[in-house]
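Protein chains in written order, with my numbering: chain E, 106 to 426; chain B, -7 to 437.
Where is the CB? At the ideal position from N, CA and C, for every residue including glycine.
From a predicted model like this one, the values you see are computed outputs, not experimental measurements.
Everything on this sheet refers to the single structure shown next.
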Ligand SMILES: Nc1nc2c(ncn2[C@@H]2O[C@H](COP(=O)(O)OP(=O)(O)OP(=O)(O)O)[C@@H](O)[C@H]2O)c(=O)[nH]1
Ligand SMILES: [Mg+2]
């Protein structure tokens, strides 16, 4: 038996990611830097800072909290230099995210025993694309991957997953459109087990978190997995679109209630949105954000690191996500 | 989750009203709440600033200071201003100079373009038109299949040239094909793209130049945050967007993005998407969105869910019994079971206008488990007891407790709460007769 720890690869700096984030950085980052590029710390600084955080979808509560924290630190440490204040803000932001990252469970992968990943989220956030990215990610560690076409509802969702399966050379277990997703998952669990697959990734239909019946269906799918393997799915990944506003927090809350989200992926960070909802989610729910999506190709996935995220999206430093 | 603006204003202004004359400072307090609520509804921060300034000016001008019900006055002004920004007039789709009418859908990835192309086609066919769909998304895997599948479902032809062709050619050929066979309108799906992706945006500009569409509709997700404005501005700048479709409105996002887009670009909202089914496309009503942004309940959704569970005649019967005060425990059990099928009770309460304030404290305590013991207690009663809760003696109470596995205290509690409830229902009935609804209800249109 080979035990392997996930998430320990020292990735080389990714030039592509650097590039894809460049357009984003032009926005808020330069403004935050410019904001602190002044001679003294005054009231206007705090006000403008709150505006910039709001603009990044950080939300009223958390923006106020961060500004408040900065004020407190400035007072406590008698900070007079804006550049040092800037550093204090950066620290406060990183700490907030780290609160959640610390909750990340250690994941153990066993060769030949399927590690099951269930991917959920509201419509159109990027679940299926994320699955392709995750498949490529695990392949990068030399793991065998299988996909399950659990979205039997949306037109051509199965075809979409199959296209990715072909591109990545990964088997896809699928029934026809309209079939019971539970049955697909059941078959996939069995197939993955029989073939000694390392990682099974299950797609699910997009659903709005306020649709009671659809949310219950997710719970059902999860129970079917558990009937097979008690601790499956080992990873329940909620995908949130970086452009999402304050509703993102409610999404996270509702999905967590139904299926015990273990990880969050913020997709579409290559756009101009900052994904500021990550802060609210970290603060209110403490669910760890584990990955970010930065494009439409299978290679456009990065592990989430609080420092890198804060630096590249808010302060324009660091070496990309 | 987020406290609604109506609740907040009721808190702030209610307190102030009691102390007598309001000052300008009090109004500023209220404006802080307005600002906060709008931001939590995802209205863009720039739009919020202008909006609050306008409301403040009107509020002070309109003698809110002397008003006996400052809450009603302020909420009224906010509501009116929201509707003014959203556009009080409904704007129909433009007619082409010469047919066919060409409608092009554009937007970010995942906003719902493909689904809405099909919905729009089905909608227009209902108006007696003869639509055709054009599959212009050659990038997202299986996007063409998706449109083809939807086309088959609704029996509307889909023009495609596979995924090797270029979208500008596909659009041109699709239009030519439609002209030759008399299809009208022509609805063109395009791939989702980032507004900052220069190459992809240029492609849309080229499509536009080639086919001169009658309408370019920006498809935007109702859950979008602050960037909605930046996205819409850029699409509008490069393409001249003629309308907006706001999708996923069946979710519980407040939808402030729509207000921002409208305020900044002036582009009218033409449709809203309210579900995954093909017929879930509706005309846009500014007053409904205003109510929603204010968080003044979601009567619409509540009614729709209720409709799924009960017939109109049944609802009529029950509400009559409520108003008359003859609603009994049997009715209560019946309603409880129906309500449970509508979703978690906490969610439902949140949809009732004005409920926020009264129920905020108890809301978290009302869990779905709690209803289980209520059900068990009522189920342990005889039909006679259900009809006459006042006649339940203490020996009967002990029997009911044993039968339901609850304590006598719990049975007592239910009975006294039910008595209170019935009293309240009677009061509501009287108020309704006099034409006064409890405070907090938005003006119904
Ligand atoms: N720019 C960008 N686009 C993305 C990213 N992830 C996904 N997309 C695009 O977003 C669109 C929707 O992605 P899907 O993966 O189909 O989303 P989904 O959540 O599976 O959608 P449904 O199954 O319909 O609910 C596609 O056009 C993807 O190419 C990302 O990180 N960046
Ligand atoms: Mg999908």
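- Note on geometry: alpha-carbon atoms of residue 332 (chain E) and residue 287 (chain E) lie some 11 Å from one another.
- Within the chosen limit of 7 Å, ligand 2 reaches the beta carbon of residue 262 (chain E) through at least one heavy atom.
- For residue 311 (chain B), the three-state secondary structure derived from DSSP is helix.
- Inter-segment contact for the segment 240 to 255 of chain B and the segment 30 to 50 of chain B is present: three or more beta-carbon pairs are separated by less than 8 Å.
- Bridge pairing for residue 96 (chain B): B:180, B:208 [DSSP].
- Contact holds between the segment 304 to 317 of chain E and the segment 245 to 256 of chain E, because three or more Cβ pairs, one in each stretch, are under 8 Å apart.
- Residue 382 (chain E): member of the alpha helix (DSSP H) spanning 382 to 389, first to last residue.
- Nearest to residue 244 (chain E) by alpha-carbon distance, out of E:211, E:305, E:226, is E:305.
- Annotated three-state conformation of residue 198 (chain B) is helix, per DSSP.
- The beta carbon of residue 235 (chain E) lies closer than 8 Å to those of 224, 342, 344, 370, 372, 396, 398, 406 in the same chain, with the five residues before and after it left out.
- Listed along the chain, the chain B residues whose CB falls inside 7 Å of the CB of residue 198 (chain E) amount to none; the nearest CB is some 17 Å away.
- Between residue 378 (chain E) and residue 348 (chain E), the C-beta spacing is below 8 Å.
- If you draw a straight line from the Cα of residue 413 (chain B) to the Cα of residue 397 (chain B), it is about 24 Å long.
- Listed along chain B, the residues sitting closer than 7 Å to residue 346 (chain E) by beta-carbon distance are 102.
- Less than 8 Å divides the Cβ of residue 129 (chain B) from the Cβ of residue 106 (chain B).
- Going by DSSP, residue 396 (chain E) is part of no alpha helix (DSSP H) but of the beta strand (DSSP E) stretching over 394 to 398.
- Between the beta-carbon of residue 104 (chain B) and that of residue 189 (chain B) there is about 19 Å, and that puts the pair past the 8 Å contact cut.
- The C-alpha of residue 88 (chain B) is placed about 16 Å away from the C-alpha of residue 168 (chain B).
- In this structure, residue 280 (chain B) has its CB at a distance of at least 7 Å from all heavy atoms of ligand 2.
- Under the Cβ criterion of 8 Å, residue 324 (chain E) is not counted among the residues facing chain B.
- Collapsing the DSSP output to three states places residue 324 (chain E) in a helix.
- Taking 7 Å as the cut-off, one finds no heavy atom of ligand 1 near enough to the beta carbon of residue 181 (chain B).
- About 5 Å separates the beta carbon of residue 236 (chain B) from that of residue 261 (chain B), a gap short enough to meet the 8 Å contact definition.
- Fully contained in the segment 210 to 254 of chain B are the following beta strand (DSSP E) runs of length 3 or more, in chain order: 235 to 239.
- Interface with chain E (8 Å Cβ-Cβ cutoff): residue 409 (chain B) is excluded.
- Interface with chain B (8 Å Cβ-Cβ cutoff): residue 394 (chain E) is excluded.
- Relative to residue 296 (chain E), the option among E:283, E:330, E:282 whose CA is nearest is E:330.
- With respect to residue 282 (chain E), residue 134 (chain B) sits apart: the two C-beta atoms are not nearer than 8 Å.
- Contacts with chain E (Cβ-Cβ distance below 8 Å) from the segment 229 to 248 of chain B involve 240, 242, 243, 244, 245, 246, 248, listed in chain order.
- Residues of chain E whose Cβ lies closer than 7 Å to the Cβ of residue 141 (chain B) are, in chain order, 260, 261.
- Listed along chain B, the residues sitting closer than 8 Å to residue 231 (chain E) by beta-carbon distance are 101, 102.
- The C-beta separation of residue 78 (chain B) from residue 284 (chain B) comes to about 11 Å, leaving the pair out of contact by the 8 Å criterion.
- Taking a C-beta distance under 8 Å as the contact criterion, residue 353 (chain E) and residue 394 (chain E) do not qualify as a contact pair.
- The beta carbon of residue 31 (chain B) falls within 8 Å of a beta carbon belonging to chain E, placing the residue at that interface.
- When Cβ-Cβ separations below 8 Å define contact, residue 305 (chain B) makes no contact with chain E.
- For residue 363 (chain E), the distance from the CB to the nearest heavy atom of ligand 1 is not below 7 Å.
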